[in-house]
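Below: the structure, in structure tokens.
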Amino acid sequence: MPQELLIIGAGEFADIAYEYFTVDSPYTVVGFAVERAHLAEDEKFGLPVVALEDAVARFDPATTEAHVAITSTQLNRVRQRLVGVAREHGYTLANFISPRAMVWRTATLGDNVFIFENNVVQHGVHIGDGCVLWSGNHIGHQSRIGDFSFMSSHVVVSGYCTIGPRSFLGVNATFADGVTIGADSLVGMAAVINKSFPDNGLILNGHPAEPSRVSSYRYYKLKPPA
Amino acid sequence: MPQELLIIGAGEFADIAYEYFTVDSPYTVVGFAVERAHLAEDEKFGLPVVALEDAVARFDPATTEAHVAITSTQLNRVRQRLVGVAREHGYTLANFISPRAMVWRTATLGDNVFIFENNVVQHGVHIGDGCVLWSGNHIGHQSRIGDFSFMSSHVVVSGYCTIGPRSFLGVNATFADGVTIGADSLVGMAAVINKSFPDNGLILNGHPAEPSRVSSYRYYKLKPPA
Amino acid sequence: MPQELLIIGAGEFADIAYEYFTVDSPYTVVGFAVERAHLAEDEKFGLPVVALEDAVARFDPATTEAHVAITSTQLNRVRQRLVGVAREHGYTLANFISPRAMVWRTATLGDNVFIFENNVVQHGVHIGDGCVLWSGNHIGHQSRIGDFSFMSSHVVVSGYCTIGPRSFLGVNATFADGVTIGADSLVGMAAVINKSFPDNGLILNGHPAEPSRVSSYRYYKLKPPA
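Pasting the structure below:
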């Protein structure tokens, strides 16, 4: 019997997750859940949309897995928070790995990872919990992608890199071999990261990239982690 | 029985189209047609090359489809014009979709579309008539590519973008989410489009991209559309 | 019976080559060889590591092929030299072509070529001896890649280009149609090559790229070829 799946979220990414899980995975989507404050419809694709607060009553965590399909809102903190809520509710968090992606057998993945088509995850890579790899990214051998990071599309992370947790990497950003960026980095589209920027909360743009004077914390009005 | 196909054009792209349709599609190429003024050979790969003006007599539109395999000559106007001629002759215009491309089931395509390997056409995208997507481009969810546009290779069109008709997008150009560019845009290689440029006929280059003072109409010596 | 393969090299690339040949090729890796001066272990993945000088005694070139898995050390000269040594020992040099790469049937390849996943080698391309195409590169129709060149990842070589031998192309570098670069070029990450730079030994960086005042020969402390 196919594994049942609850999608947490109801925006465009939830629609896309519904499509991808339905067409290209062994899961069968059985419903959607959003926080009650955001509940705006009670049906989607003919499936129920319920308040996340009540989800357990309707979708038993013993038989239904969950996937939090939220983009990079608030520098990935919403996705991180809802993954925590789903875990508290007892849900096992499912991964989506496109059959058109290459994830090498020596790579390791956390939970609630969404990997779109044409991504390459090479030898020895680690992808943390809650990461989204949109489309066509390259993660070079031995690199580590921190929890809840979001890679948009066509990003090149060369070998032996470290990407801090909750970072956002814009389309076509490029990283040299062996560089490190800190937590909560916001890397602009087509930025060229040719050296390490280990500080947390940097906004990095340009060719080559330089940090902005404004931090990602100020930009998103977020508290830096303690 | 495999569907018979007439290729309109006889240059390098026609050679490539012959290869791709032959190896990776259900079509069987049965000949080539070019406008009489450009007729320089009467055989190619052992197949007849005829004047487009006489093509109907030799290749019956009731049993043979056609594909106009012309690159971006005159900012895509030659391909646009010959697609019109082929339609007047009564030909159904065939698409080539590489089996190594991903075109999501919710995307819609016009006629005479050529999609090379490793392209990604995501959820809800529309690709207009006569578009060429060379190799390895990403068209993000809900974006719209105007008729007769030409995307070279490794272009990233993020989500919710609008590309005006007959635009040329150079290799590795990058578009932010939700931007619009006008008709007849000429986007340089590796240009970084981080905001909308809705005017028609702009030449856009640089990181970030800025419009040139010369328009694409002047650059190609073309009349702007009325 | 699967073909036996000796990997020459014992670093990270040798590990990766072991993985790729083992999982995704008809070859069975039977051992590793390194020059005696670099011999630091006698076993790897349960297989013998021998001195290259003694390899023939242990691994008969009549029944075992070889692949030199060395990255771009000394601007690809180490790989070039060891391919020469392997040939002197009588080894046939094997290619690795990822089943996830597209190499068009009209392309031609030299020996000891390593092509990772998601590479595209289009119509009429030639890839010289000893080239490494890391991941997700595009080699456009009719382009020629000189012997012992190293392309990192997501490089776009457009159509009709010529890349001089032993060149290193950094991640996400982009080449316009029809450009030529000389031998021993060192092309930086995300460099935008919008015209030809036919001189040998140039270091090219930037958007658009300009040559550095220092040559690649001086940078790597190498003698220019006579």
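Residue numbers (our numbering), protein chains in the order written: chain A, 1 to 226; chain B, 227 to 452; chain C, 453 to 678. Where is the CB? At the ideal position from N, CA and C, for every residue including glycine. Bear in mind that the values here come from a model prediction, so they are computed numbers and not experimental data.
Residue range of the unbroken alpha helix (DSSP H) whose run includes residue i
i	result
glutamine 306/B	303–314
glutamate 662/C	No alpha helix (DSSP H) holds glutamate 662/C; the beta strand (DSSP E) holding it covers 661–663.
valine 56/A	55–58
alanine 466/C	464–476
serine 610/C	Serine 610/C -> no alpha helix (DSSP H), and no H or E assigned at all.
serine 668/C	668–672
Straight-line Cα distance separating residue j from residue i
i	j	result
glutamate 471/C	tryptophan 330/B	32 Å
proline 26/A	isoleucine 97/A	11 Å
phenylalanine 627/C	methionine 377/B	15 Å
histidine 519/C	aspartate 599/C	15 Å
asparagine 137/A	histidine 154/A	4 Å
valine 530/C	phenylalanine 247/B	42 Å
glycine 385/B	serine 369/B	6 Å
alanine 320/B	valine 192/A	40 Å
tyrosine 91/A	glycine 483/C	46 Å
valine 132/A	lysine 675/C	46 Å
isoleucine 296/B	glycine 237/B	8 Å
isoleucine 429/B	aspartate 629/C	18 Å
aspartate 476/C	glycine 408/B	45 Å
alanine 509/C	threonine 525/C	28 Å
glutamine 532/C	glycine 582/C	7 Å
phenylalanine 614/C	threonine 162/A	According to the sequence shown, residue 614/C is threonine rather than phenylalanine. Their Cα atoms are separated by approximately 34 Å.
tyrosine 443/B	aspartate 410/B	8 Å
asparagine 338/B	alanine 452/B	25 Å
isoleucine 145/A	aspartate 268/B	58 Å
Contact with chain C by residue i, beta-carbon distance below 8 Å
i	result
arginine 105/A	yes
valine 120/A	yes
valine 405/B	no
Proximity test, Cβ basis, 8 Å: residue i and chain A
i	result
threonine 400/B	yes
glycine 463/C	no
glutamate 493/C	no
valine 481/C	no
7 Å Cβ cut-off: residues of chain B touching residue i
i	result
isoleucine 16/A	His349 and His367
Minimum Cβ-Cβ distance from residue i to chain B less than 8 Å
i	result
asparagine 657/C	no
valine 644/C	yes
valine 23/A	yes
serine 610/C	yes
Extent of the continuous beta strand (DSSP E) to which residue i belongs
i	result
serine 361/B	358–361
tyrosine 479/C	479–486
glutamate 456/C	455–460
isoleucine 522/C	Element bounds for isoleucine 522/C: n/a, residue is neither H nor E.
phenylalanine 376/B	376–379
alanine 277/B	273–277
glycine 206/A	203–206
Within chain C, partners of residue i - CB distance below 7 Å
i	result
histidine 138/A	Ser587, Gly588, Ser605 and His606
Residue i burial status per 10 Å Cβ neighbour count (16 or more: buried)
i	result
valine 413/B	buried
arginine 488/C	exposed
threonine 108/A	exposed
alanine 62/A	exposed
threonine 480/C	exposed
glycine 124/A	buried
arginine 456/B	Since the first residue shown for chain B is 227 and the last is 452, residue 456/B is missing from the structure and cannot be characterised.
histidine 490/C	exposed
aspartate 54/A	exposed
aspartate 60/A	exposed
glycine 140/A	buried
phenylalanine 271/B	exposed
glutamate 569/C	buried
Residues that residue i contacts on chain B, provided the C-beta gap is smaller than 8 Å
i	result
methionine 554/C	Arg326, Glu343 and Asn344
Under 9 Å by beta carbon: chain A residues contacting residue i
i	result
glutamate 456/C	Result: empty, since nearest Cβ-Cβ is about 22 Å, beyond 9 Å.
Test: residue i CB closer than 8 Å to a CB of chain E
i	result
glutamate 35/A	Here the protein chains are A, B and C, and chain E is not one of them.
Neighbouring residues, chain C, relative to residue i (Cβ below 9 Å)
i	result
glutamate 245/B	Trp556, Arg557, Thr558 and His575
Partners in chain A for residue i, counting only beta-carbon separations shorter than 7 Å
i	result
valine 623/C	Val156, Ser158 and Thr174
heavy atom of the ligand MN below 7 Å from residue i C-beta
i	result
glutamate 230/B	Among the components modelled here there is no ligand, and therefore nothing to report on the ligand MN.
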